[in-house]
Structures are given as structure tokens and as C-alpha cells.
Ligand code: SF4
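In my numbering, the protein residues as written are 5 to 364.
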């Protein structure tokens with residue numbers, strides 16, 4: 005299949021592995037930012053094909069994992085209300101809140117439904133005028149345009165019973181938070197191809213320049229990732245630090261103009277808490293005041309909710325590339341995909357779930 009088979013070609017992967025070995029003369033640490041890339045690296049055993057000097061760490065690119073506990077607790081508080089149909093992507097249903105998860109709310113009689121798109125939630129609102137339908141809007145720049153479209157569609161249809169709980173986050177401020185941390189050991193980045201498909205990569209150019217780190221826009225297949233690593237190592241070895249685009253077959257420098265246009269119409273940038281990391285200035289999206297009627301946080305008055313994070317879960321360190329999942333004492337013993345303690349073990353994109361599945 006064009007654009008797929010050639011990016012899963014074992015000979016091409018081995019060839020890139022040989023080139024990376026030849027190129028690498030000293031220790032480097034590179035972070036892949038996206039959960040999809042994490043899973044691809046582990047699934048295909050790519051780390052084993054890299055020189056010992058090269059360390060790959062996993063970043064905060066799993067949307068379920070970085071959604072803060074207080075947002076899960078807000079979602080649960082809203083979903084427990086009898087007048088509400090709470091809709092969400094499937095992964096979020098099992099993420100533990102302080103005391104329970106959304107599936108437990110459903111088991112106790114709450115109307116919690118899994119949807120595949122925010123527009124599905126708009127349809128549910130249309131078909132259930134006596135109910136208040138809330139969509140849990142999580143994710144990065146990749147999902148924000150569809151969430152904005154759902155709000156615009158609900159407005160166009162004059163629906164008074166649709167709202168979203170916005171926990172959306174932005175990648176560049178998170179990269180900046182990691183790079184400006186005194187504990188950071190990241191020297192190069194593979195940035196997420198799908199986020200750059202929407203946003204382009206102009207935002208990364210000043211970051212690469214300011215922090216002197218190469219950034220390679222990278223896809224998700226084994227050849228993509230090995231080529232992204234090759235380009236990042238080449239820059240590091242040559243003491244260069246610019247943004248390069250490995251994922252040229254999909255990503256344009258200016259991104260998707262239509263998708264980028266709809267986001268600022270509905271959302272504005274806000275400070276946002278990231279699970280295990282804390283508040284990152286300017287790293288979230290909230291509804292503009294013109295769309296306050298669609299803001300579930302305001303409508304259900306859940307702005308201030310107390311949370312209790314597990315003190316043993318080291319998700320924050322995992323998400324910042326400071327630790328790897330097996331470094332956690334709960335990994336694979338107390339914390340498993342069947343009984344997750346933290347979000348990185350729940351999500352199909354979570355680093356802990358990837359290690360459990362492919363490395364256990
Ligand atoms: S293994 Fe479980 S407890 Fe440990 S960091 Fe991952 S999610 Fe948290």
C-alpha cells in the first residue's frame with residue numbers, strides 16, 4: 005500500500021539503524037513527544053536497533069495521560085447529575101479520578117456514553133432535548149478543530165442543551181516547560197506529526213533556536229521514527245539545531261489553514277494544569293466568552309474541586325522524560341491496564357501501557 009508499506013520496510017529500518025550507529029559518537033537523549041510514536045517504538049523494538057549512547061525518552065504526548073485529575077473529577081461530578089448525558093472518547097472512561105472513574109458512574113446508573121467524535125455528541129443533544137449533553141473535550145491541537153466545529157454546529161442548530169468540558173492542551177508550551185526545567189536531560193525532539201499536520205511547524209522554530217535543540221517533525225511508522233532519530237542525531241553531531249520535517253508527505257510548514265482558522269474563533273489560550281507536571285502558562289484552550297453558553301465548567305459550576313493524586317504514581321516524571329515506566333515500583337505489580345493507578349497505564353497511547361504491553 006502506497007505511503008504505508010515502504011514506511012514499514014524492515015530493510016529500510018535496518019539501513020537507518022546502521023546509519024545512526026555510524027553517526028553516533030557520544031551520548032545523546034532524544035524525546036519523542038507523541039504517545040503514538042511511543043507505542044510504535046516499543047511495538048517494533050526500535051530502541052534495540054539504536055546505539056547504546058542514544059537514550060530515547062517519552063514525552064507528555066498522550067492526551068488522556070496529561071488531562072489533570074481535577075478535570076477528571078469535574079467530569080465525574082457532571083456525569084453524576086441525573087439530567088446529564090456525559091459523552092467522551094473511550095479511553096477517558098477508565099482514567100481514575102480521586103475516588104472513582106466515569107465507568108463507575110455509568111455502573112451506578114449515570115448516563116455516560118462513549119462517542120467517536122464531538123459531532124456524535126451534538127447529534128445526541130439534538131435527539132435528547134430533555135437532557136443536557138456534555139462532551140469531554142480533551143486532547144492536543146489535533147482534536148481542537150473538531151471540538152470547535154461541534155460548538156459552531158450546536159450554535160447553528162440553536163441547541164441549548166449541548167456543552168463541552170474543555171481540557172484541551174497545546175504542545176509548544178509543554179516543550180518549552182520541559183526544556184526550561186533545570187532537571188531536563190532532553191537534547192533533541194521528535195515532534196508529533198499529527199499535531200504539525202494541523203498547526204504546521206513555525207511555532208517550533210523559535211524554540212529550537214532559543215534552547216539550541218534540534219526538532220524533527222516525525223511520523224509514526226518505524227521508518228518514519230528511525231529517520232526522525234537519524235535527522236536529530238545528525239544535527240546533534242553537527243552542532244546544529246533547527247526544525248526539520250521528516251513527515252513531508254503529510255505536514256506542510258503552515259499546517260492546515262482551514263482547521264487553524266476555526267480554532268481561535270471558538271477558543272482562546274489559557275493556563276492549564278498538566279497531570280503530574282503542574283501548571284504550564286498558556287498551554288490550554290478554553291471557550292471564548294462569546295461561547296460561554298457552551299461551557300460545561302460554568303454551566304455546572306464545577307470550577308473549584310479538591311483532588312487527591314496518588315503519591316506513589318510517578319506519571320509526572322514519566323511524562324517529562326525523567327523516568328521510564330519500569331522505574332516505578334507499582335509498574336506491572338499494583339498498576340496494570342486492568343487496575344491502573346495512573347493515566348499513563350490506562351490510555352492506549354500511555355507510556356506505561358506501552359511498556360506493559362510490549363516489554364513486560
Ligand atoms: S506504572 Fe502506574 S503508577 Fe507507575 S507511573 Fe505508570 S501509571 Fe503511574
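Cβ coordinates follow ideal geometry from the N, Cα and C atoms, glycine included. Fair warning: this is a prediction, and the values are worked out from it, not measured in the lab.
Collapsed DSSP secondary structure at residue i in the structure displayed
i           : result
residue 114 : coil
residue 298 : helix
residue 276 : strand
residue 141 : strand
residue 123 : helix
residue 287 : strand
residue 64  : coil
residue 328 : coil
residue 147 : coil
residue 184 : helix
residue 204 : coil
residue 109 : helix
residue 7   : coil
residue 104 : coil
residue 244 : coil
residue 255 : coil
residue 159 : helix
residue 130 : helix
residue 70  : helix
residue 94  : helix
Buried or exposed (CB count within 10 angstroms, at least 16 for buried), residue i
i           : result
residue 151 : buried
residue 29  : exposed
residue 351 : buried
residue 62  : buried
residue 167 : buried
residue 8   : exposed
residue 196 : buried
residue 362 : exposed
residue 249 : buried
residue 186 : exposed
residue 141 : buried
residue 60  : buried
residue 48  : buried
residue 354 : buried
residue 324 : buried
residue 92  : buried
residue 209 : exposed
residue 275 : exposed
residue 133 : exposed
residue 359 : buried
residue 136 : buried
Limits of the unbroken alpha helix (DSSP H) element including residue i
i           : result
residue 281 : Per DSSP, residue 281 belongs to no alpha helix (DSSP H) and is neither H nor E.
residue 334 : Counting along the chain, residue 334 falls outside any alpha helix (DSSP H), and DSSP gives it neither H nor E.
residue 25  : 14 to 27
residue 43  : 39 to 47
residue 190 : Unbroken run through residue 190: none, as it is neither H nor E.
residue 81  : 73 to 83
residue 99  : Careful: residue 99 lies outside any alpha helix (DSSP H) and carries neither H nor E.
residue 355 : 355 to 363
residue 292 : Here residue 292 belongs to no alpha helix (DSSP H), and DSSP marks it neither H nor E.
residue 323 : 319 to 323
residue 262 : 261 to 270
residue 50  : Unbroken run through residue 50: none, as it is neither H nor E.
residue 1   : Lying before the first or after the last residue shown, residue 1 is absent from the chain, which here runs from 5 to 364.
residue 212 : 208 to 215
Close beta carbons around residue i, own chain, < 6 Å, minus the five adjacent residues each side
i           : result
residue 72  : 277, 279
residue 318 : 327, 332
residue 314 : 345
residue 214 : none
Paired residues, beta bridge with residue i - DSSP
i           : result
residue 221 : 195, 249
residue 89  : 115, 137
residue 304 : According to DSSP, which records beta bridges pairwise, residue 304 is partnered with nothing at all.
residue 340 : Answer by DSSP bridge pairing: none, since residue 340 is not bridged.
residue 59  : 33
Limits of the beta strand (DSSP E) - the one that residue i falls within
i           : result
residue 172 : 166 to 173
residue 34  : 32 to 36
beta-carbon residue i near the ligand NAP non-hydrogen atom, thresh 7 Å
i          : result
residue 96 : As for the ligand NAP, it is missing from this structure, which binds only the ligand SF4.
Same chain only: Cβ atoms within 7 Å of residue i, ignoring 5 sequence neighbours per side
i           : result
residue 216 : 245
residue 260 : 201, 202
residue 177 : 284, 285, 286, 287
residue 224 : 40, 41, 44, 197
residue 188 : 182
Sequence-distant residues of the same chain with beta carbon closer than 8 Å to residue i, five excluded per side
i           : result
residue 227 : 10, 11, 12, 13, 16, 17, 20
residue 267 : 145, 148, 149, 152, 289
residue 255 : 197, 200, 201, 204, 205, 221, 249
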